[in-house]
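J.: Going line by line, the protein sequences match chains A and B. If you use the UniProt record's numbering, the first sequence corresponds to residues 1 to 226, in order. If you use the UniProt record's numbering, the second sequence corresponds to residues 1 to 226, in order. Glycine included, every Cβ here is placed at the ideal spot set by N, Cα and C.
Number of protein chains: 2
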Amino acid sequence: MSRNVDHCYAYPHPAVTTDVVVFTIRDERLQTLLIRRVGPPFEGCWALPGGFLDIDEDLDRCAARELREETGVADLYLEQLCTFGAVDRDPRERVISVAYFALAPAARLQLKAGDDAADAAWFPFHALPPLAFDHDRIIHTAHERLVSKLDYSTIAFQFLPETFTLSELQRIYEILVDAPIDKRNFRKWALAIQQVEETGELRRHGSHRPARVYRLTDRNRITYLK
Amino acid sequence: MSRNVDHCYAYPHPAVTTDVVVFTIRDERLQTLLIRRVGPPFEGCWALPGGFLDIDEDLDRCAARELREETGVADLYLEQLCTFGAVDRDPRERVISVAYFALAPAARLQLKAGDDAADAAWFPFHALPPLAFDHDRIIHTAHERLVSKLDYSTIAFQFLPETFTLSELQRIYEILVDAPIDKRNFRKWALAIQQVEETGELRRHGSHRPARVYRLTDRNRITYLK
DNA sequence: GCAAAAGTGTTCTATCTACACCCATGT
DNA sequence: ACATGGGTGTAGATAGAACACTTTTGC
Chain A
1 MSRNVDHCYA YPHPAVTTDV VVFTIRDERL QTLLIRRVGP PFEGCWALPG GFLDIDEDLD
61 RCAARELREE TGVADLYLEQ LCTFGAVDRD PRERVISVAY FALAPAARLQ LKAGDDAADA
121 AWFPFHALPP LAFDHDRIIH TAHERLVSKL DYSTIAFQFL PETFTLSELQ RIYEILVDAP
181 IDKRNFRKWA LAIQQVEETG ELRRHGSHRP ARVYRLTDRN RITYLK
Chain B
1 MSRNVDHCYA YPHPAVTTDV VVFTIRDERL QTLLIRRVGP PFEGCWALPG GFLDIDEDLD
61 RCAARELREE TGVADLYLEQ LCTFGAVDRD PRERVISVAY FALAPAARLQ LKAGDDAADA
121 AWFPFHALPP LAFDHDRIIH TAHERLVSKL DYSTIAFQFL PETFTLSELQ RIYEILVDAP
181 IDKRNFRKWA LAIQQVEETG ELRRHGSHRP ARVYRLTDRN RITYLK
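1) Leaving out the 5 sequence neighbours to the left and right, which residues in its chain are closer than 6 Å to Leu-76/A when beta-carbon positions are compared?
2) Would you verify that the beta carbon of His-7/A is, or is not, closer than 8 Å to some beta carbon of chain B?
3) Taking the alpha carbon of Gly-51/A as the reference point, which residue from Gln-31/A, Val-177/A, Ala-63/A and Lys-183/A has its own alpha carbon closest?
4) Drop a sphere of 10 angstroms on the beta-carbon of Glu-168/B, count the other beta-carbons inside from all chains shown, and report buried for 16 or more, exposed for fewer.
5) Examine the Cβ distances between the segment 197-217 of chain A and the segment 145-153 of chain A and report whether three or more of them are shorter than 8 Å.
6) Which value, in whole angstroms, describes the spacing of the CA atoms of Arg-204/B and Arg-212/B?
7) Compare the C-alpha of Ala-106/B against each of Thr-217/B, Asp-178/B, Thr-32/B and Arg-187/B and name the closest.
8) Can you check which of these residues, Ala-47/A, Ile-181/A and Leu-34/A, is closest to Phe-133/A by C-alpha distance?
9) Taking 8 Å as the cut-off, decide whether the C-beta atoms of Gly-72/A and Leu-34/A are in contact.
10) Using three-state DSSP, classify Ile-175/A as helix, strand or coil.
11) Between which residues of its own chain and Ile-222/A is the CB-CB distance below 6 Å, once the five residues before and five after are set aside?
12) May I ask you to list the residues that DSSP assigns as paired with His-126/A?
13) Could you check which residue in Asp-90/B, Ser-97/B, Arg-89/B and Val-87/B has the C-alpha nearest to that of Phe-84/A?
14) Can you look up Ile-25/B in the DSSP assignment and give me helix, strand or coil?
15) How is the beta strand (DSSP E) around Phe-52/A delimited, first residue to last?
16) Would you mind telling me which residues of chain B sit closer than 7 Å to Leu-53/A, beta carbon to beta carbon, in chain order?
17) Roughly how many whole angstroms lie between the Cα atoms of Asp-60/B and Glu-70/B?
18) Can you tell me whether Leu-225/A is buried or exposed? The criterion is at least 16 other CB atoms within 10 Å of its CB, across all chains shown.
19) Buried or exposed, going by whether 16 or more other CB atoms sit within 10 Å of the CB of Glu-92/B?
20) Quick one: residues in its chain with C-beta nearer than 6 Å to the C-beta of Ala-74/A, no 5 flanking neighbours on either side, listed in chain order?
21) Could you tell me the alpha carbon to alpha carbon distance between Asp-136/A and Arg-36/A, rounded to whole angstroms?
22) Helix or strand or just coil, what does DSSP make of Leu-76/A?
23) Along chain A, which residues have their Cβ under 7 Å away from the Cβ of Ala-63/B?
24) By how many angstroms is the C-alpha of Ile-181/B removed from the C-alpha of Val-95/A?
25) Any beta carbon from chain A within less than 8 Å of Ile-138/B's own beta carbon?
26) Name, please, each residue of chain A whose Cβ falls closer than 9 Å to the Cβ of Asp-58/B.
27) In terms of residue numbering, what span does the beta strand (DSSP E) encompassing Ser-148/A cover?
28) Note the first and the last residue of the continuous beta strand (DSSP E) segment covering Phe-101/A.
29) So, helix, strand or coil for Ala-15/B, using DSSP?
30) Find the residues of chain B that neighbour residue 230/A, judging by a C-beta separation of less than 8 Å, and give them in chain order.
31) Would Leu-30/A and Ile-193/A be called neighbours here (beta carbons separated by less than 8 Å)?
32) Are Leu-21/B and Leu-78/B touching if we call contact CB-CB under 8 Å?
33) Using C-beta distances below 8 Å, list every residue in its chain close to Thr-18/B, excluding the 5 sequence neighbours before and after it, in chain order.
34) Nearest chain A C-beta to Ile-96/B closer than 8 Å, yes or no?
35) Counting contacts by CB-CB distance shorter than 8 Å, is Ala-10/A in contact with chain B?
36) Does the CB of Ala-190/B have a neighbour CB from chain A at under 8 Å?
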């Protein structure tokens, strides 16, 4: 993709990148995917997966590509978040970053290091390391968006694996809002919104009554409620 | 700002612009501010006010500056909307547009033509002319955002002039949702959310009972409800 | 005195909240 | 038999929706 010719313009052009905030729920906590930077600036620092937009590539594709290249993560819900363009946010040159946020099922995502990243790892949202650039701000903007969407959409269902129990779904919500939720009210709601259906199977998971197993009626649809 | 030297990069860089969708309510209709393009591409076509980002300028400032330069409109509520970056959205070169949306009080805004715009004018949202680039899509995205924010914020109060009557406020909402609203319920709501206060004055406006005049308790605050 | 918009309460309905016990299983 | 999480219904509170008449003015 790199060509050894210069690309010249009559006016200065900023660089454009995409950065992706990937959330998942693992080990009973909301976690965020970070990569360790191999080159300057912020060498060795943790940062969001992301990188420069190819000149013939759509923004959404760029976000998906960078994520795949740097972490091996693909096929997840990806939504444009906000664009960050403070003049001094990158010491190298003017960089405009179109940030995305993504939600991944809790299923063990195999992480692999890519070209631009020495390492990729999950960090608990409440225990993030120091981050490169303005990535801390981007992550917190993404978190605000996630939490506010809980109220009026089924976005949190994107955290679910193929099949799940209602207790697992409830646990996701409890982790996200960081508060206990009434079991009966939650189940009433979850069954009323018509987004899940029984598989007919039961899941045995310890010395107690087995749980009914559900699946999403439409995995790729996020419903807006009310 | 134009310098006659070339600006060269090892990799191709897209251009970055901001475009602003300004809404107001005039003549009992939601209207949008457009400018007529003087140069190619889309010469003579109507388009959103906006233009290229200066290399040392924040995105928000760019949006405000372009709006001011092209239309004379300043000091209004401005919020980043979404970034549009389809590969072929501009025939000249790759252009990433960070779109903003803005709400202006109905007070007659004095429009003036600027350098890049032959003309600036308001168009009813439901009777837009053919637009340059993907600006039609940007406007409709902005409209969706506006309408969805009505439900959970006081964003529509940005359409209000310094002082107003409750009937005027109700009319704004009726125009935005394009449906009649119950007067008693609306007034109960409007007074309950603590965003308006009486000025003590009355407004006479025809052969009927005068209306109480209100002002916003805090003009610059948009409240998120519930 | 009439036309026209301002102003005002109550009832009904739907939704959300709080809350406690039995069920099915593994050990 | 007991420990553990799965599963279920009802009553009270709250918020939203429906609805009609009196008031004040200009002409």
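T.: Answer, in terms of the structure:
1) Stepping through the first sequence from its first residue, residue 76/A is reached at position 76. Taken in chain order, the residues that qualify are Ala-102 and Ala-104.
2) Counting from one through the first sequence, the residue named residue 7/A turns up at place 7. Yes, because at least one Cβ of chain B sits closer than 8 Å to the Cβ of His-7/A.
3) The residue labelled residue 51/A in the question sits at position 51 within the first sequence. That would be Ala-63/A, whose Cα lies nearest to the Cα of Gly-51/A.
4) Counting from 1 along the second sequence, the entry for residue 168/B is found at position 168. By the 10 Å Cβ count, Glu-168/B comes out buried.
5) Contact check between the segment 197-217 of chain A and the segment 145-153 of chain A: fewer than three CB pairs, one atom from each, fall below 8 Å, which does not count as touching.
6) Mapped onto the second sequence, residue 204/B falls at position 204. Mapped onto the second sequence, residue 212/B falls at position 212. Distance from the CA atom of Arg-204/B to the CA atom of Arg-212/B, rounded to whole angstroms, is 9 Å.
7) Translated into the one-based positions of the second sequence, residue 106/B becomes position 106. Considering only alpha carbons, the answer is Thr-32/B.
8) As a first step, residue 133/A is located in the first sequence; it is residue number 133 there, counting from the start. Measuring from the Cα of Phe-133/A, the nearest candidate turns out to be Ala-47/A.
9) Position 72 of the first sequence holds residue 72/A. Position 34 of the first sequence holds residue 34/A. No, the pair does not count as a contact, with Cβ atoms beyond the cut-off.
10) Here the question's residue 175/A lines up with position 175 in the first sequence. In the displayed model, Ile-175/A falls within a helix according to three-state DSSP.
11) In the first sequence, residue 222/A corresponds to position 222, counting from 1. So the qualifying residues of the chain are Ser-153, Thr-154 and Ile-155.
12) Residue mapping note: residue 126/A aligns to position 126 of the first sequence, counting from 1. In the DSSP assignment, no residue is bridged to His-126/A.
13) Within the first sequence, the letter at position 84 stands for residue 84/A. Of the candidates Asp-90/B, Ser-97/B, Arg-89/B and Val-87/B, the one whose C-alpha sits nearest the C-alpha of Phe-84/A is Ser-97/B.
14) Indexing the second sequence from 1 puts residue 25/B at position 25. Three-state result, Ile-25/B: strand.
15) As a first step, residue 52/A is located in the first sequence; it is residue number 52 there, counting from the start. For Phe-52/A, the enclosing beta strand (DSSP E) starts and ends at 50-52.
16) Locating residue 53/A in the first sequence gives position 53, where the first residue counts as 1. Neighbours of Leu-53/A on chain B, chain order: Pro-14.
17) Position 60 of the second sequence, counting from 1, holds the residue named residue 60/B. Position 70 of the second sequence, counting from 1, holds the residue named residue 70/B. Looking at the two C-alpha atoms, the distance is approximately 16 Å.
18) As a first step, residue 225/A must be located in the first sequence, where it is residue number 225. The residue in question, Leu-225/A, is exposed, as its Cβ has fewer than 16 Cβ neighbours within 10 Å.
19) For the purposes of this step, residue 92/B is identified with residue 92 of the second sequence, where counting begins at 1. Note that residue 92/B corresponds to Arg in the displayed sequence, not to Glu. The residue in question, Arg-92/B, is exposed, as its Cβ has fewer than 16 Cβ neighbours within 10 Å.
20) Counting from 1 along the first sequence, the entry for residue 74/A is found at position 74. Cβ-Cβ distances below 6 Å link Ala-74/A to Arg-68 in the same chain, with the five nearest sequence neighbours on each side left out; the list follows chain order.
21) Taking the first sequence and counting its residues from 1, the one referred to as residue 136/A is at position 136. Taking the first sequence and counting its residues from 1, the one referred to as residue 36/A is at position 36. If you draw a straight line from the Cα of Asp-136/A to the Cα of Arg-36/A, it comes to about 14 Å.
22) The residue labelled residue 76/A in the question sits at position 76 within the first sequence. In this structure, Leu-76/A counts as coil in the three-state DSSP scheme.
23) Here residue 63/B corresponds to residue number 63 of the second sequence, with the count starting at 1. Ordered by position in chain A, no residue passes the 7 Å Cβ test against Ala-63/B, which lies about 11 Å from the chain.
24) Residue mapping note: residue 95/A aligns to position 95 of the first sequence, counting from 1. Residue mapping note: residue 181/B aligns to position 181 of the second sequence, counting from 1. Straight-line measurement puts the Cα of Ile-181/B at about 47 Å from the Cα of Val-95/A.
25) Here residue 138/B is taken as the residue at index 138 of the second sequence, counted from 1. With 8 Å as the cut-off, Ile-138/B does not count as an interface residue toward chain A.
26) The residue you call residue 58/B lines up with position 58 of the second sequence. In chain order: Gly-85, Ala-86 and Val-87.
27) Here residue 148/A refers to the residue found at position 148 when the first sequence is read from its first residue. Premise fails: Ser-148/A lies in the alpha helix (DSSP H), 135-150, not in any beta strand (DSSP E).
28) For the purposes of this step, residue 101/A is identified with residue 101 of the first sequence, where counting begins at 1. 95-103 is the span of the beta strand (DSSP E), which, as asked, contains Phe-101/A.
29) In the second sequence, residue 15/B corresponds to position 15, counting from 1. Here Ala-15/B sits in strand by DSSP.
30) What is shown of chain A runs 1 to 226, which leaves residue 230/A out entirely.
31) Within the first sequence, residue 30/A is the residue found at index 30, counting from 1. Within the first sequence, residue 193/A is the residue found at index 193, counting from 1. No. Outside cutoff.
32) Looking up residue 21/B in the second sequence gives position 21. Looking up residue 78/B in the second sequence gives position 78. Rather than Leu, the amino acid found at residue 21/B in this sequence is Val. In this structure, Leu-78/B does not lie closer than 8 Å to Val-21/B by Cβ.
33) Here residue 18/B corresponds to residue number 18 of the second sequence, with the count starting at 1. Spatial neighbours of Thr-18/B in its own chain (CB-CB distance under 8 Å, excluding positions within 5 residues in sequence) are listed in chain order as Gly-50, Gly-51, Leu-53, Leu-59, Cys-62, Ala-63, Glu-66, Ser-97, Val-98, Ala-99 and Tyr-100.
34) If you number the second sequence from 1, residue 96/B lands on position 96. True, the Cβ-Cβ gap to chain A drops below 8 Å.
35) In the first sequence, residue 10/A corresponds to position 10, counting from 1. True, the Cβ-Cβ gap to chain B drops below 8 Å.
36) By one-based count along the second sequence, residue 190/B stands at place 190. No, Ala-190/B lies away from the interface with chain A (no Cβ there is under 8 Å from its Cβ).
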